[in-house]
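Contents: one structure, followed by commentary.
Residue numbers (our numbering): 11 to 492.
The following block contains the structure:
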């Protein structure tokens, strides 16, 4: 039977445990070096034993630990044939005092970061969630051998390393605050969009290049530029005499009084370029003088009656005029055709300039200013928390923020962890992968390569304590004659 889990993460005791708990991290942070001043040798050994046993196998009883303790410690040191051993660091072999525990299956699971503590790893094993070489193992003290492959159910790993799942009441409280702040931000941005735009860009520029938010924004800029390039190619590919004439007559169709048609009416179809609009208006007047506009306005070429349609096709250079066409009209058609060709070349140049101006700069972390960006942001409707507490499916539909769909942390209420999954807080300080394990987080498998050993200048046993503490711990447990 293991020891009872009593005051494991007590801040007053300040013991460091094999756990990813945030209070354990605080105890590790405030932990000072073990002092041996003014203590007898036995007191030094006892203090060292207390500190190290609180971390190494605290769930094991003292008698159980002493039954597995091995006085013969393993180390690896390369022979120095040149007899110049002064440059080689000493081997901290006494850091191997607790190396025998690293063979245990529950410790291996914790070291591989498949569980948040050794006690949780023990629970996973007892509940049948762990397999060694394809065989279910329910003994936490199972001794691994070199080459053994062990794995844990991925769902359990997500639970162990994932953030805590909030209750529905806590989640809706967070969502209510998010909605309030989001709506406040939009209203303020709409009052001064340029200021908020510049502040956002400047904040992204000052971020570290390795910051995930900056990396995400740079990736967005690259995709944005690709999209702009694709749109430009699409616009250029479809540019033809027919296409431009259709744009001209779509403008004519929108105007109520054709007699009052002016250059400014064509700006919307030609990227607000006055020269393009003027050429479009010129073509309209020339086609109108050829008496074809009455049956052309607002209609596709296929729907235009044959007689006028043929005139229009000749005017745009699609077909050649027939032999019996009036010479003056032929001349008029040729002039219209030349004007449309000039318009097409000029239009392609303007399209390229327009999309090049809209391209973002990845090097300077900049994107062209959009005066209507704040207007495009949708305000979120306020939620009725007491009502949604009684109906979680309705709450999932009610919350639709740009960065979050559904209730905060409860996208999948059936899961016992935060969804969409995110790592638990304060995980980074504990993310230390040992030398004697090869781990695959994609499949939640790991290989126990060999027993951990000591080498010159280092030991493969992960511990928060130094060599002097382990020396005295070893002295406490070693027995004369062994």
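Ideal placement from N, C-alpha and C gives every residue a C-beta, glycine not left out.
Please report the residue range of the beta strand (DSSP E) in which residue i lies.
| i | result |
| --- | --- |
| residue 455 | 455-458 |
| residue 448 | 447-450 |
| residue 247 | Looking at the DSSP string, residue 247 is not in any beta strand (DSSP E); the run it does join, the alpha helix (DSSP H), is 222-247. |
| residue 141 | 140-142 |
Which of the three DSSP states is assigned to residue i in this structure?
| i | result |
| --- | --- |
| residue 310 | Note that residue 310 has pLDDT 47, beneath the 50 cutoff, so the model's placement of it is unreliable and no number is given. |
| residue 330 | Because residue 330 sits at a pLDDT of 49, beneath the cut-off of 50, its placement in the model cannot be relied upon, and the following sentence gives the value as read from the coordinates. The answer is coil: DSSP assigns residue 330 none of H, G, I, E or B. |
| residue 415 | strand |
| residue 6 | A query on residue 6 cannot be resolved here, the shown segment of the chain reaching from 11 to 492 and no further. |
| residue 158 | strand |
| residue 484 | helix |
| residue 145 | strand |
| residue 34 | helix |
| residue 468 | strand |
| residue 251 | helix |
| residue 122 | coil |
| residue 39 | helix |
| residue 376 | strand |
| residue 219 | coil |
| residue 493 | Residue 493 is absent from the model: the chain starts at 11 and stops at 492. |
| residue 187 | helix |
| residue 175 | coil |
| residue 433 | strand |
| residue 420 | strand |
| residue 272 | coil |
| residue 85 | strand |
| residue 64 | helix |
| residue 320 | Caution is warranted here: a pLDDT of 48 is assigned to residue 320, below 50, making its placement in the model unreliable, and the coordinate value is therefore given only provisionally. Reduced to three states, the DSSP call for residue 320 is helix. |
Should residue i and residue j be called a contact, given that it needs their Cβ atoms to be closer than 9 Å?
| i | j | result |
| --- | --- | --- |
| residue 189 | residue 411 | yes |
| residue 293 | residue 246 | no |
| residue 10 | residue 480 | Lying before the first or after the last residue shown, residue 10 is absent from the chain, which here runs from 11 to 492. |
| residue 83 | residue 62 | no |
| residue 160 | residue 455 | yes |
| residue 157 | residue 116 | no |
| residue 118 | residue 154 | yes |
| residue 464 | residue 86 | yes |
Just tell me which of the options has its CA closest to the CA of residue i.
| i | options | result |
| --- | --- | --- |
| residue 447 | 433, 424 and 471 | 471 |
| residue 271 | 194, 452, 55 and 290 | 290 |
| residue 10 | 474, 487 and 276 | The displayed coordinates of the chain run from 11 to 492. Any statement about residue 10 would go beyond what the structure contains. |
| residue 111 | 103, 100, 68 and 357 | 68 |
| residue 288 | 454, 356 and 240 | 356 |
| residue 240 | 365, 133 and 43 | 365 |
| residue 187 | 115, 409 and 488 | 409 |
| residue 474 | 51, 30, 65 and 243 | 65 |
| residue 359 | 280, 51 and 156 | 280 |
| residue 99 | 484, 13, 466 and 488 | 466 |
| residue 488 | 213, 59, 285 and 199 | 59 |
| residue 185 | 438, 416, 433 and 450 | 416 |
| residue 393 | 283, 165, 55 and 193 | 193 |
| residue 283 | 486, 255 and 363 | 363 |
| residue 348 | 251, 418 and 431 | 251 |
| residue 23 | 34, 13 and 29 | 34 |
| residue 350 | 406, 258 and 399 | 258 |
| residue 149 | 134, 249 and 86 | 134 |
| residue 369 | 236, 109, 114 and 255 | 236 |
| residue 200 | 18, 457 and 380 | 380 |
| residue 44 | 21, 25 and 220 | 25 |
| residue 3 | 51, 14, 48 and 174 | The structure shown has nothing for residue 3, since the chain only spans 11 to 492. |
| residue 165 | 219, 461 and 451 | 451 |
| residue 486 | 56, 286, 32 and 30 | 56 |
| residue 144 | 457, 222, 265 and 483 | 457 |
The alpha helix (DSSP H) that contains residue i, what's its start and end?
| i | result |
| --- | --- |
| residue 384 | 383-386 |
| residue 404 | 402-408 |
| residue 47 | Counting along the chain, residue 47 falls outside any alpha helix (DSSP H), and DSSP gives it neither H nor E. |
| residue 128 | 128-136 |
| residue 170 | 164-171 |
| residue 78 | 72-78 |
| residue 395 | 395-399 |
Notebook entry, point to check: Any contact of the segment 438-455 with the segment 69-78, i.e. 3+ C-beta pairs under 8 Å?
Noted result: They do not touch, by the three-pair rule.
Notebook entry, point to check: Counting Cβ pairs closer than 8 Å, one from the segment 411-427 and one from the segment 112-131, do we hit at least three?
Noted result: no
Notebook entry, point to check: Does the segment 368-385 touch the segment 202-214, meaning 3 or more C-beta pairs lie closer than 8 Å?
Noted result: yes
Notebook entry, point to check: Per the contact definition of three or more C-beta pairs closer than 8 Å, is the segment 359-376 in contact with the segment 219-231?
Noted result: The segment 219-231 is in contact with the segment 359-376.
Notebook entry, point to check: Contact between the segment 456-470 and the segment 40-52: three or more CB pairs below 8 Å?
Noted result: Touching, no.
Checklist line | Contact between the segment 132-142 and the segment 172-183 (3+ Cβ pairs under 8 Å) | finding: no
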